[in-house]
Amino acid sequence: MANCEGMTESEWLRCTDLEPMLELLRGKVSERKLRLFSVACCRNIWHLLSNALDRKAVELAEQFADGLVSREELARATAYGAITYDWPDRNWAGRAARATAKPTALAREVAECAAWARALDGPSWEQLVRVAEVGASEHAPLLKEISGNPFRPMPPRPEEVAPLAIDIYAGKWELMPKLGEWLLEHGYREAGEHCLDRNIQHVKGCWVVDWILGKE
Ligand SMILES: [Zn+2]
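Listed below in structure tokens is the structure:
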């Protein structure tokens, strides 16, 4: 287990290992953020979610994170979906395994991410660590995209640009550069550069959009 007490800001910025990052964020990020992170992981492996019900379950988990569907609706999706909350589910993991050349780790990762996204009681830290264990280094940037920099407290949010952020949150991600330029012009350098960075994959839960909308 990494010693997170000793992690510095520059270590955080360089870090690509999910486990110490998650440990650092423990107790500092909301259940919504964690759920959206797992949804983003699922969307990264969308091609492996071959069953329409599985995809629907992830979509519902995303909506549940924002309070748009009820716990009951999410529970129904869990019941109908081919995957179950309990790992391992052989049918589903087997399907994922057949879809990839690296069956065990990836199938496990897929199942973990999906189970985690749909966990009715919120993702558990044991699940988080298991996702980290499979070496999903491509998920580390997604976690940073959602958590932001835990070493930097955010300034008061610029509410005047909220209408643009609402559009982006609704799916118009092509407006991110416009938001970035506005933020840079108004002195929000870090947030503006985040929006303008072409290497960042922005997802629901993006720390800049959440900050402007007052979402935690
Ligand atoms: Zn972002």
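Throughout, the numbering used here is defined as the position within the sequence shown, counted from one, plus 2.
The C-beta atom is built at its ideal place from N, Cα and C for all residues, glycine as well.
| Check | Outcome |
| --- | --- |
| Give the residues whose C-beta lies closer than 6 Å to at least one heavy atom of ligand 1, in chain order. | GLU147, HIS196, ILE202, HIS204, CYS208 and VAL210 |
| In the structure shown, what three-state DSSP assignment does GLY216 receive? | coil |
| Who are the Cβ neighbours of THR86 in its own chain at under 6 Å, not counting the five residues just before and after it? | Per-residue confidence for THR86 stands at a pLDDT of 36, beneath the threshold of 50, marking its modelled position as unreliable; the derived number appears in the next sentence. Taken in chain order, the list of residues that qualify is empty. |
| Between which two residues does the alpha helix (DSSP H) containing LEU70 stretch? | First-last for LEU70: undefined, no H or E at that position. |
| Confirm, please, whether the CB-CB distance from LYS35 to PRO152 is below 8 Å. | no |
| What is the residue span of the alpha helix (DSSP H) that ALA167 lies within? | 164-171 |
| Measure from the alpha carbon of THR210 to the alpha carbon of each residue in GLU33, GLN203 and GLY150, then state which is nearest. | Strictly speaking, residue 210 in this sequence is Val, with Thr absent from that position. When only C-alpha atoms are compared, the closest one is GLY150. |
| Going by C-alpha distance, which of ARG154, GLU195 and ARG200 is nearest SER12? | ARG154 |
| Closest to GLU183 by C-alpha separation, out of LEU145, GLU195, GLU176 and GLY173, would be which residue? | GLU195 |
| Report buried or exposed for LYS174, applying the criterion of at least 16 other Cβ atoms within 10 angstroms of its Cβ. | exposed |
| For HIS141 versus LEU20, is the C-beta distance shorter than 8 Å? | yes |
| Please look up how many angstroms separate the CB atoms of ARG37 and ALA67, rounded, as I've assumed it's under 8 Å. | 4 Å |
| Assign ARG57 to one of three DSSP states: helix, strand, or coil. | helix |
| With a cut-off of 8 Å on the beta carbons, I'd call GLN65 and LEU144 a contact; round off their distance for me. | 19 Å between Cβ atoms; not a contact. |
| Pick from ALA63, ILE170, LEU177 and ALA193: whose alpha carbon is nearest that of ARG159? | ALA193 |
| Could you tell me whether the Cβ atoms of VAL205 and ILE148 are closer together than 8 Å? | yes |
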